[in-house]
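Participant: All the letters of the sequence shown, read from the start, carry residue numbers 1 to 331 under the UniProt record's numbering. Submitted below is the structure of interest, expressed as structure tokens.
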Amino acid sequence: MSLAHIPDLRTLEILVAIADTGSLGAAARQMGMTQQGVSERVRSAESILGFTLVSRTPRGTHPTPQGREFINHARDVIRSANSLADTVSFDKDPTHHIIRAAASQTITDHYIPRWIAHLTDTHPGVRFAITTGNSQQVAHTIASGDATIGFIESLSLPELKGIPTEDYFDSTVITTDYLTLVVRPDHEWAGLGHVSPLTVAQTPLIVREPGSGTRSTIERVLPQALQAPFAELESATAIKSTVLATRAPAILPRCVVEQEIADGRLSEITIDDTRLARPIRALWRKGTTLRGSSRTLLEAARASAARASATRSSAARATTTRAATQGRKRH
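The structure is reproduced here in structure tokens:
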């Protein structure tokens with residue numbers, strides 16, 4: 001079947017609106033048309049395709065089984081067309097474009113600012129709208145179409161309606177985020193510097209809520225540590241403040257507590273034989289191709305991560321060189 005035998009994009013949008021609203025009148029209002037105009041478009045589409053798309057009843061207008069299948073494909077076509085329009089618009093003039101993305105709390109607070117800084121170096125004037133939530137909420141935002149790209153940090157992808165998100169999304173790893181166990185300097189662990197996984201499991205921790213990337217990482221690496229939490233809070237900042245105000249320990253992204261560790265307000269504790277790290281991933285709907293602003297944001301994230309990795313490697317080499325020089329001087 002050639003494209004000449006497929007309804008145009010405007011008609012596809014009308015059919016999707018009918019399926020979503022269950023009413024010709026509501027679809028007409030949504031599309032800024034008359035109800036008669038919508039009905040004519042539906043009849044034209046049915047004539048082109050050779051089958052009935054919608055069924056009209058006293059309770060509303062709904063897709064037929066064959067129509068439902070067609071409209072589901074139409075959604076994909078509309079999404080791809082919008083993505084293409086987004087690409088053309090962004091490449092033509094990025095200053096009049098808003099990059100819409102979703103990200104977990106940790107990524108929004110500690111990674112997105114660097115990515116934005118990198119992106120504005122190459123695309124000055126571009127604007128951003130970032131929706132923040134835990135990893136599961138980010139997945140829902142992408143699935144609903146409210147954002148075209150999302151960023152989460154987790155060892156595994158969260159489930160969506162009981163189905164692994166691999167069935168909904170494509171993803172790629174951008175960089176690695178590290179977690180660390182922290183306590184106040186007056187905690188008994190501060191003098192030890194390290195504890196066993198069993199000790200951590202037997203100690204009530206301050207933890208994130210179910211669905212967060214931090215919590216899912218702890219569930220995978222130290223599952224016993226979450227049996228009886230000291231407190232359950234919905235942001236890393238709130239957990240950090242509670243650690244500082246109480247003597248309860250917490251496992252947090254290291255980027256969240258770097259300053260407090262450096263100035264001595266928190267002590268970093270090693271957990272024996274345990275690596276607390278998780279990948280930072282980009283997510284987008286399976287079967288779609290990232291274009292325009294979404295593609296550019298992903299490229300900026302990768303470039304920023306590469307720059308940060310190079311900086312860390314350079315700092316590590318400098319530290320090793322200084323240590324070697326001081327060792328030679330002592331001898």
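Glycine included, C-beta positions come from ideal geometry on N, C-alpha and C. Note that the coordinates shown come from a computational prediction; the quantities given were computed from them, not determined experimentally.
Indicate whether residue 339 and R127 have their beta-carbon atoms separated by less than 7 angstroms.
Facilitator: The chain is shown from 1 up to 331; residue 339 falls before or after that span and cannot be answered.
Participant: Cα separation between L9 and R75?
Facilitator: As a working mapping, residue 9 is identified with position 9 in the sequence shown. As a working mapping, residue 75 is identified with position 75 in the sequence shown. The straight-line gap from Cα to Cα measures roughly 10 angstroms.
Participant: Using 10 angstroms around the beta-carbon of H73, count the other beta-carbons present and answer buried if the total reaches 16, otherwise exposed.
Facilitator: As a first step, residue 73 must be located in the sequence shown, where it is residue number 73. Exposed is the call here.
Participant: Looking at the unbroken alpha helix (DSSP H) that takes in V126, where does it start and where does it end?
Facilitator: Translated into the one-based positions of the sequence shown, residue 126 becomes position 126. No alpha helix (DSSP H) holds V126; DSSP gives it neither H nor E.
Participant: If you count every other CB in all the chains shown that lies within 10 Å of the CB of V54, and 16 or more means buried, which is it?
Facilitator: In the sequence shown, residue 54 corresponds to position 54, counting from 1. The residue in question, V54, is buried, as its Cβ has 16 or more Cβ neighbours within 10 Å.
Participant: Tell me whether the beta-carbon of I71 lies closer than 7 angstroms to the beta-carbon of L15.
Facilitator: Locating residue 71 in the sequence shown gives position 71, counting from the first residue. Locating residue 15 in the sequence shown gives position 15, counting from the first residue. Against a cut-off of 7 angstroms, the Cβ pair of L15 and I71 comes out as a contact.
Participant: Which stretch, first to last residue, makes up the beta strand (DSSP E) that contains P63?
Facilitator: As a first step, residue 63 must be located in the sequence shown, where it is residue number 63. Here the beta strand (DSSP E) through P63 covers G60 to P63.
Participant: Should L290 be labelled buried (16 or more other beta-carbon atoms within 10 Å of its own) or exposed?
Facilitator: In the sequence shown, the residue the question calls residue 290 occupies position 290. Flag for L290 reads buried.
Participant: Would you kindly work out how many angstroms separate the C-alpha atoms of A236 and E209, rounded to a whole number?
Facilitator: Position 236 of the sequence shown, counting from 1, holds the residue named residue 236. Position 209 of the sequence shown, counting from 1, holds the residue named residue 209. Near 10 angstroms, if we compare the C-alpha coordinates of E209 and A236.
Participant: At which residues does the alpha helix (DSSP H) containing T199 begin and terminate?
Facilitator: Sequence index remark: in the sequence shown, residue 199 carries index 199 (1-based). First-last of the alpha helix (DSSP H) with T199: P197 to A201.
Participant: With DSSP as the reference, please indicate the residues paired to Y178 in a beta bridge.
Facilitator: As a position in the sequence shown, residue 178 is number 178, starting the count at 1. Answer is A277, bridged to Y178.
Participant: Report yes if the C-beta distance between A282 and I149 is below 7 angstroms; otherwise report no.
Facilitator: Taking the sequence shown and counting its residues from 1, the one referred to as residue 282 is at position 282. Taking the sequence shown and counting its residues from 1, the one referred to as residue 149 is at position 149. Taking 7 angstroms as the Cβ cut-off, A282 and I149 qualify as a contacting pair.
Participant: Between H110 and S216, what straight-line distance do the alpha-carbon atoms span, to the nearest angstrom?
Facilitator: Residue 110 sits at position 110 when you count from the first residue of the sequence shown. Residue 216 sits at position 216 when you count from the first residue of the sequence shown. Near 19 angstroms, if we compare the C-alpha coordinates of S216 and H110.
Participant: Which class does F70 belong to by DSSP, given the choice of helix, strand or coil?
Facilitator: What you label residue 70 is simply residue 70 of the sequence shown in a count that begins at 1. Residue state, collapsed to three classes: helix.
Participant: Can you name the start and end residues of the alpha helix (DSSP H) that G37 belongs to?
Facilitator: Taking the first residue of the sequence shown as position 1, residue 37 is located at position 37. Element bounds for G37: Q35 to L49.
Participant: Do T61 and L24 come within 7 angstroms of each other at the CB atom, strictly closer than that value?
Facilitator: As a first step, residue 24 must be located in the sequence shown, where it is residue number 24. As a first step, residue 61 must be located in the sequence shown, where it is residue number 61. Taking 7 angstroms as the Cβ cut-off, L24 and T61 qualify as a contacting pair.
Participant: Please name the residue in L298, Q137, E46 and T270 whose C-alpha comes closest to that of V195.
Facilitator: Looking up residue 195 in the sequence shown gives position 195. Here the closest residue by C-alpha is T270.
Participant: Run through DSSP, which three-state label would A300 get?
Facilitator: Taking the first residue of the sequence shown as position 1, residue 300 is located at position 300. The answer is helix: DSSP assigns A300 an H, G or I state.
Participant: Hey, out of V183, E219 and A190, whose CA is closest to P158's CA?
Facilitator: Taking the sequence shown and counting its residues from 1, the one referred to as residue 158 is at position 158. Measuring from the Cα of P158, the nearest candidate turns out to be E219.
Participant: Report the option in A85, T288 and L181 whose CA atom is closest to the CA atom of L222.
Facilitator: By one-based count along the sequence shown, residue 222 stands at place 222. Nearest of A85, T288 and L181 to L222, Cα basis: L181.
Participant: Quick one: give me the first and last residue of the beta strand (DSSP E) that E232 is part of.
Facilitator: Stepping through the sequence shown from its first residue, residue 232 is reached at position 232. From DSSP, the beta strand (DSSP E) with E232 extends over A231 to L233.
Participant: On the three-state DSSP scale, how would you describe H140?
Facilitator: Here residue 140 refers to the residue found at position 140 of the sequence shown. H140: helix per DSSP, three-state reduction.
Participant: Report the start-end ranges of each alpha helix (DSSP H) in the stretch 189–271 that is 4 residues or longer and not cut off at the edges.
Facilitator: List check, alpha helix (DSSP H) in window: 197–201, 213–221, 236–245 and 254–262.
Participant: Taking 7 angstroms as the cut-off, decide whether the C-beta atoms of T131 and P253 are in contact.
Facilitator: As a first step, residue 131 must be located in the sequence shown, where it is residue number 131. As a first step, residue 253 must be located in the sequence shown, where it is residue number 253. Result no, Cβ atoms of T131 and P253 do not sit closer than 7 angstroms.
Participant: Mind checking Y178: buried by the 16 CB within 10 Å criterion, or exposed?
Facilitator: Position 178 of the sequence shown holds residue 178. It counts as exposed.
Participant: Could you give the distance in angstroms between the alpha-carbon of D146 and the alpha-carbon of R285?
Facilitator: Counting from one through the sequence shown, the residue named residue 146 turns up at place 146. Counting from one through the sequence shown, the residue named residue 285 turns up at place 285. For D146 and R285, the distance between alpha carbons rounds to 11 angstroms.
Participant: Where does A282 fall in DSSP's three states?
Facilitator: Along the sequence shown, one-based indexing puts residue 282 at 282. Three-state result, A282: strand.
Participant: Measure the C-alpha to C-alpha separation of S293 and T57 and round it to an integer number of angstroms.
Facilitator: As a position in the sequence shown, residue 293 is number 293, starting the count at 1. As a position in the sequence shown, residue 57 is number 57, starting the count at 1. Their Cα atoms are separated by approximately 42 angstroms.
Participant: How big is the Cα-Cα spacing for Q227 and A201?
Facilitator: Here residue 227 refers to the residue found at position 227 when the sequence shown is read from its first residue. Here residue 201 refers to the residue found at position 201 when the sequence shown is read from its first residue. Using only the alpha carbons, I get a separation of about 8 angstroms.
Participant: Does DSSP put I98 in a helix, in a strand, or in coil?
Facilitator: Locating residue 98 in the sequence shown gives position 98, where the first residue counts as 1. Note: I98 maps to strand in three-state DSSP.
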